[in-house]
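**Q** Have a look at this one before I ask anything.
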């Protein structure tokens, strides 16, 4: 009979797991002092400009967030480039469809390469309520009518929110009142 000094594979995994759990509080104390919020891969978000709730997909594979917009056109106003577009979104709060034309300054142009070729999209800064905080974020505008989610949040936005749990959905309700914290956009 052969005796082994090393524990079985299960025993090793159990020991590593227990050691990891035991060190978590110590790591939290040494590291970042703020408590990270956790968001699921799909969340409800509020667009304060329209006061509507929409489903948002948090997509770590995308860098820039994207918003479903129609009739997109750029124009010049007071020597600056602006974008005029129409949002046609279902308000998840009451089931009504909201259609609103908006005009915002052009933040930048985004060149996208994909399976369908190359595409150039205008990017604007807009506010979005996630959890209890309003974030000013970059959104590329494109027709997402054929997509399941009118709002896609990319890594730039996710990095401001907190942690992403890809196993879960709808972990935070958007509850941004008048006294909600506002996180302004940081230039790249």
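In our numbering, the protein residues as written are 1162 to 1349. Glycine included, C-beta positions come from ideal geometry on N, C-alpha and C.
Short of 7 Å in beta carbon distance, which residues of its chain neighbour residue 1252, apart from the five on each side in sequence? Order them along the chain.
**A** Here the set comprises 1213, 1214, 1259.
**Q** Could you please give the first and the last residue of the uninterrupted alpha helix (DSSP H) stretch that includes residue 1320?
**A** 1316-1322
**Q** Does the separation of the CB atoms of residue 1326 and residue 1201 fall below 7 Å?
**A** Their beta carbons are under 7 Å apart, which means residue 1326 touches residue 1201 by this criterion.
**Q** Go through the region 1231-1302 residue by residue and report every complete run of the beta strand (DSSP E) that reaches 3 residues or more, in order.
**A** 1231-1238, 1241-1251, 1258-1266, 1269-1275, 1278-1291
**Q** Hey, would you say residue 1225 sits closer than 7 Å to residue 1301, going by beta carbons?
**A** yes
**Q** By the 10 Å Cβ neighbour count, where 16 or more other Cβ atoms means buried, how is residue 1264 classified, buried or exposed?
**A** exposed
**Q** Could you tell me the boundaries of the beta strand (DSSP E) in which residue 1229 lies?
**A** 1226-1229
**Q** By alpha-carbon positions, which one of 1285, 1198, 1322, 1230 ends up nearest to residue 1296?
**A** 1322
**Q** Between residue 1291 and residue 1239, what straight-line distance do the alpha-carbon atoms span, to the nearest angstrom?
**A** 33 Å
**Q** Can you tell me where the beta strand (DSSP E) with residue 1129 in it begins and where it stops?
**A** Limits of the chain in this structure are 1162 at one end and 1349 at the other, which puts residue 1129 out of reach.
**Q** Are there 16 or more other CB atoms within 10 angstroms of the CB of residue 1324, so buried, or fewer, so exposed?
**A** exposed
**Q** Between 1272, 1254, 1308, which has its C-alpha nearest residue 1335's C-alpha?
**A** 1254
**Q** Look at the alpha carbon of residue 1304 and the alpha carbon of residue 1248, and state the distance between them as a whole number of angstroms.
**A** Answer to the nearest angstrom: the Cα atoms are 10 Å apart.
**Q** Taking a contact to mean a Cβ-Cβ separation below 7 Å, would you say residue 1316 touches residue 1221 in this structure?
**A** yes
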